[in-house]
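Residue numbers (my numbering): 15 to 376.
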């Protein structure tokens, strides 16, 4: 045996033994695999087709998994409802305000691009979600309202219509108007209570779907790359005081998206959600490691704790209104939660579109 070769071999072996413990001292780097794509929404996202063959979640999922940008896919999905005259809580034909004028709100957020845009009290444009996207794309602002939002929409190419009422929405408004006393506007508190009571009475008589008193669609999605986006759009509270804006177009309330964490949006009583900025709360709970269902329950518990006015409480002491959250995390896990049960949410994944139960706090 060559003595020099043996010595080199020995030294090489000794060096490898010296390096090995150092190599083991570093943690193993795990590269996460692709996320299973999924789109979730409020239940109306799997109910309306506007004469076509797809629901909101079906269209959004198909486009998203075909390579279309996630936010663009979601907006194409909610457009189905915004343009459907039978969906009286969103877009064209949405239930008008107390003066018979359809005023629309919307908000969208693009997780990877850190974009956000919204419009509130927008008149004359059937698809406010598209205008909200243009606010995100073409301005340095997050929210445009009223006449300014309409002028912006016109400036970037949207058609402005004189009236977004349909025969159905106007008929329902006239029925509501017939039941209310137009002279009690001087008592805003009584008007808010009385007007809502009449709307709820119409719902109990089958004239309005109870969910459409508050209305709205929220839709969130994640693709296989883990890109997360969300959109919320609504005609707002049925027969609201003109100019009233709810939670839907407000970042952190009607919608919040964090690319690293997830997305959360809502339907139901906007004022209760606004008070706690619940979508933001949910995202922060996800950031702490909670499952989407548990994060949503934390927000609902805060709503319940903050609801103290007697007019907003049932005989059992629980909130007497509806409020739902639809939550999707960065792993593709999702959940729907509601204050009092009975609600559902729509899901579309590799197994197709279906509806799942919302977990109730009470």
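C-beta: ideal position from N, C-alpha, C; glycine also.
Given the structure is predicted, the values throughout are model-derived calculations rather than measurements.
Run through DSSP, which three-state label would residue i get?
i: residue 364; result: coil
i: residue 259; result: coil
i: residue 299; result: helix
i: residue 40; result: In this prediction, residue 40 scores a pLDDT of 40, lower than 50, which makes its location untrustworthy; no coordinate-derived value is stated.
i: residue 289; result: helix
i: residue 71; result: helix
i: residue 173; result: coil
i: residue 116; result: coil
i: residue 109; result: coil
i: residue 375; result: coil
i: residue 353; result: coil
i: residue 157; result: strand
i: residue 186; result: helix
i: residue 265; result: strand
For the ligand HEM, I want to know if residue i counts as a neighbour, meaning its beta carbon is within less than 7 Å of at least one of the ligand's heavy atoms.
i: residue 155; result: Ligands in the displayed structure: none, and consequently the ligand HEM is not present.
So residue i is in the beta strand (DSSP E); what residue range does that whole segment cover?
i: residue 85; result: Residue 85 -> not in any beta strand (DSSP E); alpha helix (DSSP H) instead, spanning 84-96.
i: residue 57; result: Segment: none, residue 57 is in no beta strand (DSSP E) and carries neither H nor E.
i: residue 194; result: Where residue 194 is concerned, there is no enclosing beta strand (DSSP E), given that its DSSP letter is neither H nor E.
Using a Cβ-Cβ distance under 8 Å, would residue i count as near chain C?
i: residue 342; result: Any reference to chain C falls outside this structure, which holds one protein chain only.
For the alpha helix (DSSP H) holding residue i, just list the boundary residues, first then last.
i: residue 313; result: 306-320
i: residue 160; result: 160-169
i: residue 146; result: 142-152
Who are the near neighbours of residue i in its chain, counting only those whose CB is closer than 8 Å to its CB and skipping five residues on each side?
i: residue 146; result: 120, 121, 122, 131, 132, 133, 245, 247, 263
i: residue 57; result: 225, 357, 358, 359, 360, 369
i: residue 62; result: 69, 70, 94, 95, 98, 100, 101
i: residue 328; result: 334
i: residue 51; result: 75, 78, 79, 235, 236, 237, 238, 346, 363, 364
i: residue 312; result: 295, 296, 299, 304
Here's a check: name, in chain order, each residue in its chain whose Cβ is nearer than 7 Å to the Cβ of residue i, leaving out the five neighbours to either side.
i: residue 297; result: 270, 272, 275, 276, 278
i: residue 266; result: 291, 293, 294
i: residue 240; result: 49, 344
i: residue 289; result: 320
Give the DSSP bridge partners of residue i, in chain order.
i: residue 281; result: 338
i: residue 234; result: 54, 244
i: residue 271; result: 277
i: residue 123; result: 130, 244
i: residue 180; result: Residue 180 pairs with nothing; no bridge assigned.
i: residue 369; result: 360
Leaving out five residues before and five after residue i in sequence, what residues of the same chain have Cβ atoms less than 6 Å from its Cβ?
i: residue 350; result: 340, 359, 372
i: residue 376; result: 332, 354
i: residue 362; result: 53, 71, 72, 75
Using a Cβ distance threshold of 8 Å, determine whether the segment 85-93 contacts the segment 66-76, with at least three qualifying pairs required.
Contact between the segment 85-93 and the segment 66-76 is present, because at least three Cβ pairs lie under 8 Å.
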